[in-house]
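Just so we're aligned, residue 10 is where the sequence shown starts under the working numbering, counting upward by one.
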Amino acid sequence: MYDKAERIEKACFDTIKDGKVLTGDLGGKSKCSEYTSEICKRIKD
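Below, the structure is given as structure tokens:
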């Protein structure tokens, strides 16, 4: 179970660090759905 949580956490932090798909509260202009899609994509990779 912890391995799945670690993958989700890493995907979230990597998305933020990358800076390409961020919502307004994180300093970007993307929609929440775009941010979520990017995280899901990173989890699957």
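The C-beta atom is built at its ideal place from N, Cα and C for all residues, glycine as well.
All of these numbers come straight from a predicted model, not from anything done at the bench.
Inter-residue Cα distance where the pair is residue i and residue j
i	j	result
Arg60	Tyr11	Because the chain here runs from 10 to 54, residue 60 falls outside it and cannot be looked at.
Lys38	Lys26	15 Å
Cys21	Glu47	9 Å
Tyr44	Thr32	7 Å
Gly58	Val30	The question about residue 58 has no answer, for the chain in this structure spans 10 to 54.
Asp34	Gly28	12 Å
For residue i, the first and last residue of its enclosing alpha helix (DSSP H)
i	result
Thr45	Cys41 to Lys53
For residue i: DSSP bridge partner residues
i	result
Thr70	Since the first residue of the chain shown is 10 and the last is 54, residue 70 is not available in this structure.
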